[in-house]
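Enquirer: I'd like to ask some things about the structure below.
Number of protein chains: 2
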Amino acid sequence: MKSSLAGNSSAIPEQGLVAGVDIGGSNLRIALADCHGRVLARCNTSTKGTSSPDGVIALIEQGIQQLLQQSCCSDRSLLSVAAGAPGVTNSQSGLVLATSYLKGWKDVPLQQLLESALGVPAAVENDVRMAALGEHWMGTARGIDDFVFLAIGTGIAAGVFANGHLIHGSQWTAGEVGYMQIPHTTEEPARPGEPGALESAIAGDGIRRHWSRLCAENAHEQKLSATEIFARASGGDLLAQKVLDHSAELLACTVYNISLVLNSALFVLGGGIGVSVPLRDATKRVIKERYNEPSRPNIVISSLGSDAQLMGAIRLAMSTASSSSRVESAL
Amino acid sequence: MKSSLAGNSSAIPEQGLVAGVDIGGSNLRIALADCHGRVLARCNTSTKGTSSPDGVIALIEQGIQQLLQQSCCSDRSLLSVAAGAPGVTNSQSGLVLATSYLKGWKDVPLQQLLESALGVPAAVENDVRMAALGEHWMGTARGIDDFVFLAIGTGIAAGVFANGHLIHGSQWTAGEVGYMQIPHTTEEPARPGEPGALESAIAGDGIRRHWSRLCAENAHEQKLSATEIFARASGGDLLAQKVLDHSAELLACTVYNISLVLNSALFVLGGGIGVSVPLRDATKRVIKERYNEPSRPNIVISSLGSDAQLMGAIRLAMSTASSSSRVESAL
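The listed protein sequences derive, respectively, from chains A and B. The working numbering numbers the first residue of the first sequence as 1 and each following residue consecutively. The working numbering numbers the first residue of the second sequence as 1 and each following residue consecutively.
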């Protein structure tokens, strides 16, 4: 069983603390939480120039030390840590198999490195699945056992819950929907390390490229981020509306195709672009007009926003502490 | 938990028997099996003219009686029955919610009807998921916890296993991939009761329509079934090869899109068209040429063929007998 969430948080000692870590491509975020998962302290730091595994581990160690001191807690109160990594992650063996964000990470034993550095049990998970875990625990998907967290930012990827458990797949790549082939995406074969067909069209670069192309054709102002373009579309800018409509059509089709496979009750949109209200509204409109059979998925914006991964990491750390205390008491 | 397979077959009494039923659009197949799942006797009958729930139940009752007599076993040796239905089926409540194959079936309490008629515990499941259960138990997917059974015949649908369990979805429609939107399918909105975009192109009618169109343009012989067209393609017929290539491109893209969501280790092709060797070979070729990132799914033909559903029904009946005997011994 590959689910990351088997433990029961109530088994954690009352004075115990856990740490959740969100390793991003450029930022590292750490939160310290009590036995009920309440965040006591948190910190953010940049990983720019420190993307080696040892460098990142050192930053995590320093960060947790700092948060423990800030909260007037001793090192001994830390029971466990969990970290989300931006790449293909084997949560069973604790290895980050590959990532395009942290250069040079290949088969990195992240779980083992964390355990050695911190002296407590650790768990690791892919960042998007970690965010899904967070949404299931205390976000929009609380109590919903069949849902998809869809992260749209520089890329697009899904964290899938089915039957109340995360789906990882046979090679830990479930949810890598950036390669999906839908109408109006390129049919060119995907090249290793390059963005997939859908990702090229709907994630950050693709949206900006579409906008630049339209601007060049219409002698219009350029250089806006995807969310700025979508906001401008809401304000009535016709060129921006074209970009928004196209993005919404691609996203609606993606959501629909995934929902045909899984019949998920809910799609939670996250990531820098995914949380755009105009994008959600336009996508819901397309879904309503076009995709009714056999069922119409509900689409909402993540209520945890950029904290989804960190909350997931806290949840995973809590279940890690819980399983580990059960193992200890059984010995 | 919605998995259909929770029980342990070893808990069935040694003299006990179970019955598996495969309710098709035009055929009803029944098998009687011993406590190890070995088939003792089987029968097929037509459901033409007898598609009402009561009529089908009467056919099942007669069939099982006949098989018990044939095997010189008393009615009392029957411990349970499980039936696969060709439509949206809630395996928890035992209702067939809707089916386009058996006219008039809507919210039919199939489980309850079977239990009343036969006096033993019953279980029901969607036919394609039942076939996946069969493949997981004793077919090509034995021991594989992440795989997809893809049935291609008059329609196309998937039975999905993830983390070793069947996925049903929030409204019991997981795997209804006939509506999937991929390049070269229509983008018209799906109408209730009508075939979906993918189904129109890749299932029986769509393949025959493609063939007829090419034949009309080329003054060629007409009226062949999809498998006959594919066999002719293998023999070198250029028009048939065009149809095969197009079908293989659509199927490869479908398999790829599903595998991106689930990262399934294996796709098992079943159904009248799915078991075509030329189609499998051509699809594997397209996958190899075009779809490598992030992983390439393996594609095989069902080893159980048209028995997959019946074997799944036996497996489900065994686990139903087992759970029921556990409940009884606990009372």
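From the three backbone atoms N, C-alpha and C, an ideal C-beta is built for every residue, glycine too.
#1: Can you name the residues of chain A whose CB is closer than 9 Å to the CB of B/Y256?
#2: Can you tell me whether A/N263 is buried or exposed, with buried defined as 16 or more other CB within 10 angstroms of its CB?
#3: Assuming B/A85 and B/I144 make a contact with CB atoms under 8 Å, what is their CB distance in whole Å?
#4: Comparing alpha-carbon positions, which option in A/L269, A/P53, A/E249 lies nearest A/R129?
#5: Take the Cβ of B/D107 as the centre, count every other Cβ of all protein chains shown within 10 Å, and call the residue buried at 16 or more, exposed below.
#6: Distance, Cα to Cα, B/N298 vs A/A33?
#7: Counting only Cβ-Cβ distances shorter than 8 Å, please list the residues of the stretch 82-108 of chain B near chain A, keeping chain order.
#8: Could you spell out the range, first to last residue, of the alpha helix (DSSP H) harbouring A/R76?
#9: Closer than 9 Å, Cβ to any Cβ of chain A: which residues of the stretch 264-293 of chain B, in chain order?
#10: Return helix, strand or coil for B/N126, following the three-state DSSP convention.
#11: First and last residue of the alpha helix (DSSP H) that includes A/D22?
#12: In terms of residues, what are the limits of the beta strand (DSSP E) holding A/A162?
#13: Would you tell me roughly how many angstroms separate the C-alpha atoms of B/S100 and B/S295, rounded to the nearest one?
#14: Any contact of the stretch 160-174 of chain A with the stretch 13-27 of chain B, i.e. 3+ C-beta pairs under 8 Å?
#15: Quick check on the DSSP output: the beta strand (DSSP E) that includes B/I145 runs from which residue to which?
#16: Give me the Cβ distance between B/S324 and B/P121, rounded to the nearest whole Å; I'm assuming they're in contact under 8 Å.
#17: Rounded to the nearest angstrom, what separates B/E217 and B/E228 at their Cα positions?
#18: Considering only residues of the same chain and omitting the five flanking positions on each side of B/A313, which have a CB-CB separation below 7 Å?
#19: Between B/I202 and B/L250, is the Cβ-Cβ spacing less than 8 Å?
#20: Check the Cβ-Cβ distances between A/C35 and every residue of chain B, and say whether any is below 8 Å.
#21: How about A/G204 and A/T154: are their beta carbons less than 8 Å apart?
#22: Got a sec: which bits of the stretch 115-133 of chain A sit with their beta carbon under 9 Å from any beta carbon on chain B, in order along the chain?
#23: Chain B partners of A/G143, CB-CB under 8 Å?
#24: Which residues of the stretch 160-180 of chain B have a Cβ closer than 9 Å to any Cβ of chain A? Give them in chain order.
#25: Name the DSSP bridge partner or partners of B/T89?
#26: Sort out for me which residues DSSP pairs A/G175 with in a bridge.
#27: Which stretch, first to last residue, makes up the beta strand (DSSP E) that contains A/N298?
Expert: So, from the listed chains and residues:
#1: Y179, M180, Q181
#2: buried
#3: Actually they do not touch by this definition, with Cβ atoms about 25 Å apart.
#4: Check the Cα spacing between A/R129 and each of A/L269, A/P53, A/E249: the tightest is with A/L269.
#5: exposed
#6: 43 Å
#7: V88
#8: First-last for A/R76: undefined, no H or E at that position.
#9: S264, A265, L266, E289, R290, Y291, N292, E293
#10: strand
#11: Counting along the chain, A/D22 falls outside any alpha helix (DSSP H), though it belongs to the beta strand (DSSP E) covering 17-23.
#12: Boundaries of the beta strand (DSSP E) around A/A162: 156-162.
#13: 35 Å
#14: no
#15: Note that residue 145 of chain B corresponds to Asp in the displayed sequence, not to Ile. From DSSP, B/D145 is part of no beta strand (DSSP E); its letter is neither H nor E.
#16: 4 Å
#17: 19 Å
#18: G20, V21, D22, A82, A83, G84, M130
#19: Cβ atoms of B/I202 and B/L250: closer than 8 Å.
#20: no
#21: yes
#22: Those would be none; no residue qualifies.
#23: Correct list: empty, because the minimum Cβ distance to chain B is about 12 Å.
#24: V160, A162, N163, G164, H165, L166, I167, H168, G169, S170, Q171, W172, T173, A174, G175, E176, V177, G178, Y179, M180
#25: Under the DSSP definition of a beta bridge, B/T89 partners with B/V96.
#26: Per DSSP, none; premise fails for A/G175.
#27: 298-301
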